[in-house]
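Novice:
Residue numbers (our numbering), protein chains in the order written: chain Z, 652 to 984; chain B, 652 to 984.
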């Protein structure tokens, strides 16, 4: 009899997340209740936000100890159970870290028809739309401006940089380690990239962004945010997309200069999530598709095979080991 | 021979500002150079921002040790010196803390015709426009929303509260001491006021703003900002107008929850100064005048007589002793 492989989180981490926080268990494949369909997990998205969900209620419900680890996936309908879906349909669902899940039909969305499917989680999915909405709707980047992006090698960061270049901005990345920085400049096309592990980041930002920063796209928070803050131009915008440096430990004090520098420099600092701009999704998708069709975007995906690799993949992502969008191919198709 | 009384600041404070940081000196009345007019100081504005100018370059040049203390006044033209001004004209100028000053003609603006003159520094001047622009242009307050205002008894704060009520918001103030809080509720018309000196401010905010805060108008920064931040509603706006709790000492770390809470709650935090909205000045003035004409605004002014009182007036303002707009009547007219 087929089993359902699951990864649970028996206790929530208070400090750094490690692989030992997770348990690999087997359960029976559930039967969908009325109003549910049975889904098979195909590709699971691995995101820094997964760690934030362990810290309490955010824009979604918190992960509770003992839960099957929460996660967002592309799935295939296994048992439509009388719904309007057909067996084999590809759908987006929060099925979690398991091979099969019974999910409420109204919480499922159909995938658009696109090959490869993985693009629907990366450049044409949450990562791409997050980068686009953050840069355009929140950051309101303009041609000729200087754009600084932290977490630049990550799923969102590398796209923010590429989209910024296409919008005519000067793009400076921040990433950890010389290799990643070289890759961002030589391969991805950033104008420059600063290695925060090399120290003296504030000075490096001041030198590289000698005309100051107009838009800072922040994926990390903490000291890097502080260094950026002190180099912002008047009327600059700080796009608060994530705070990965703060997810994996105890809460810290915020950056110095808040709110003083916000007043003096008339800065706007604004948080958002990708679901805040439903009326702009089509616009973003169309622009990204046009760029892809013209060969103007390089798509970086970091696909790891097998559900059992998910804990290691998330822990590694929080340590900054990925380049581009990390995902788990749960089922080969 | 008539002398020019001046107040200088021989050394900049590193900690709390005291009256002993200032010197009262006498100088000759200057002769205006080409392109300058000689002005007589009539009413000097005393503002928390005066202290911020001692901390380095802000949106204006920093105060240097030995300077005549910087300040903004309503003046009267004493010697037009060939300019288009006439002797006796009332003008706005950054003449500083002195009785007479020679100021560049292009840095002077004519006062509108209004009696009493003091209103041009309070409700119809910088204080009123700061309150209006901050609340409407930055805070975008809407009817039925909950508005929290710190520094509520101050020149800007009391007007933010009154304007907020007129816009249909529920208005909660934060001020120091029971007396000021009672005054804000009983006299000024706030719905409630919280005494930050009573402790447990976060809890008090949570209880009083039980539906959460939609707009927080921040005049103080520091711990009060942090308490507000944790009680913001999703898509709330934090209007960063000033940081008086931080002006008078060493820089502190910023509030916890930045940037994490900004992302999770999709908050916008935005700094501004009154000069950022020149195209909205007329609109603000017209609305404020309409409210005054209808008797819907109470105007609180705290006018102290004599230039030599200015150091004590500023030090006292930083300790929160004023109610409404504090000014120095330098010359009786």
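A virtual CB, placed ideally from N, CA and C, is assigned to each residue, including glycine.
For residue 885/B, count neighbouring C-beta atoms within 10 Å of its own C-beta (all shown protein chains included) and say buried if the count is 16 or more, exposed if not.
Specialist: With fewer than 16 Cβ atoms within 10 Å of its Cβ, residue 885/B is classed as exposed.
Novice: On the DSSP bridge assignment, give the partners of residue 924/Z in chain order.
Specialist: Paired residues: none, contrary to the question.
Novice: Would you identify the three-state DSSP class for residue 773/B, choosing helix, strand or coil?
Specialist: Three-state DSSP puts residue 773/B in coil, outside helix and strand.
Novice: Note down, one range per segment and in chain order, each beta strand (DSSP E) of at least 3 residues found wholly within the segment 904-973 of chain B.
Specialist: DSSP runs (the beta strand (DSSP E)) wholly in the segment 904-973 of chain B: 919-922, 952-956.
Novice: Using a Cβ-Cβ cutoff of less than 6 Å, which residues in the same chain neighbour residue 919/Z once the five nearest sequence positions on both sides are dropped?
Specialist: Same-chain partners within the cutoff: 888.
Novice: Do residue 823/B and residue 797/B have their C-beta atoms closer together than 8 Å?
Specialist: A contact, by the Cβ cut-off of 8 Å.
Novice: On the three-state DSSP scale, how would you describe residue 765/B?
Specialist: If DSSP states are grouped into helix, strand and coil, residue 765/B belongs with coil.
Novice: Kindly indicate which residue of 892/B, 941/B, 718/B has the alpha-carbon position closest to the one of residue 806/B.
Specialist: It is 892/B.
Novice: First and last residue of the beta strand (DSSP E) that includes residue 874/B?
Specialist: Counting along the chain, residue 874/B falls outside any beta strand (DSSP E), though it belongs to the alpha helix (DSSP H) covering 873-880.
Novice: Between the C-alpha atoms of residue 656/B and residue 692/B, what's the straight-line distance to the nearest angstrom?
Specialist: Each residue's alpha carbon lies about 11 Å from the other.
Novice: Tell me the DSSP secondary structure of residue 832/B in three-state form.
Specialist: It is helical.
Novice: At a CB-CB cut-off below 9 Å, which residues of chain B make contact with residue 921/Z?
Specialist: In chain order: 913, 917, 918, 919, 920, 921.
Novice: Is there contact here, the segment 963-982 of chain Z with the segment 664-673 of chain Z, by at least three beta-carbon pairs under 8 Å?
Specialist: These segments touch.
Novice: If you count every other CB in all the chains shown that lies within 10 Å of the CB of residue 801/B, and 16 or more means buried, which is it?
Specialist: The residue in question, residue 801/B, is buried, as its Cβ has 16 or more Cβ neighbours within 10 Å.
Novice: To the nearest angstrom, report how far apart residue 779/Z and residue 947/Z are at their CA atoms.
Specialist: C-alpha separation (whole angstroms): 14 Å.
Novice: Just verifying my parser: in three-state terms, what is the DSSP assignment at residue 669/Z?
Specialist: Three-state DSSP puts residue 669/Z in coil, outside helix and strand.
Novice: So, residue 816/B versus residue 840/B, is the Cβ gap smaller than 8 Å?
Specialist: It is a contact, given that the beta carbons lie within the stated cut-off.
Novice: Taking only three categories from DSSP, how would you classify residue 843/Z?
Specialist: Correct three-state label for residue 843/Z: strand.
Novice: For the segment 707-772 of chain B, list the beta strand (DSSP E) runs that are entirely contained and at least 3 residues long, ordered along the chain.
Specialist: Listed in chain order, the complete beta strand (DSSP E) runs (minimum 3 residues) inside the segment 707-772 of chain B are 724-730, 741-744, 751-755.
Novice: Quick check: the Cα distance between residue 900/Z and residue 809/B, rounded to an integer number of angstroms?
Specialist: Taking the straight line from one Cα to the other gives about 41 Å.
Novice: Do you know how far the Cα of residue 819/Z is from the Cα of residue 728/Z?
Specialist: If I take the Cα positions, the gap works out to 42 Å.
Novice: What's the call for residue 1012/B, buried or exposed, on a 16-neighbour Cβ count within 10 Å?
Specialist: As shown, chain B starts at 652 and ends at 984. That puts residue 1012/B outside it, with no answer to give.
Novice: Which bits of chain B does residue 709/Z rub up against, with CB to CB less than 7 Å?
Specialist: By Cβ distance, chain B contributes 915.
Novice: Would a check of beta-carbon distances place residue 869/B closer than 8 Å to chain Z?
Specialist: Cβ-Cβ to chain Z under 8 Å: yes for residue 869/B.
Novice: Under three-state DSSP, which class holds residue 792/Z?
Specialist: In this structure, residue 792/Z counts as coil in the three-state DSSP scheme.
Novice: List the residues of chain B that residue 683/Z touches, going by C-beta distances under 8 Å, in chain order.
Specialist: By Cβ distance, chain B contributes nothing, its closest Cβ being about 32 Å from residue 683/Z, past 8 Å.
Novice: Do the CB positions of residue 771/B and residue 697/B come within less than 8 Å of each other?
Specialist: Contact flag unset, no.
Novice: Closer than 7 Å by C-beta to residue 870/B: which residues in its own chain qualify, once you throw out the five before and the five after it? Chain order, please.
Specialist: Closer than 7 Å at the Cβ level, and outside the excluded window around residue 870/B, lie 801, 802, 805, 807, 808, 892, 893, 895.
Novice: Report buried or exposed for residue 851/Z, applying the criterion of at least 16 other Cβ atoms within 10 angstroms of its Cβ.
Specialist: It counts as exposed.
Novice: Determine the chain B residues that contact residue 893/Z at a beta-carbon separation under 8 Å, and present them in chain order.
Specialist: What residue 893/Z touches in chain B: 914.
Novice: Just to confirm, are residue 908/B and residue 905/Z a CB contact at a threshold of 8 Å?
Specialist: Yes. Within cutoff.
Novice: Within the same chain, show all residues whose beta-carbon is closer than 6 Å to that of residue 956/B, passing over the 5 residues directly before and after it, in chain order.
Specialist: Closer than 6 Å at Cβ, skipping near neighbours: 980.
Novice: Check each candidate in 765/B, 958/B, 879/B, 848/B and name the one with the smallest Cα separation from residue 862/B.
Specialist: Of 765/B, 958/B, 879/B, 848/B, the residue nearest in Cα terms is 879/B.
Novice: Is it the case that the Cβ atoms of residue 774/Z and residue 924/Z are separated by a distance below 8 Å?
Specialist: Their beta carbons are not under 8 Å apart, which means residue 774/Z does not touch residue 924/Z by this criterion.
Novice: According to DSSP, is residue 701/B helix, strand or coil?
Specialist: Residue 701/B falls in the helix class under three-state DSSP.
Novice: Would you kindly check if the distance between the Cβ of residue 745/B and the Cβ of residue 721/B is under 8 Å?
Specialist: Cβ distance < 8 Å, so residue 721/B and residue 745/B count as in contact.
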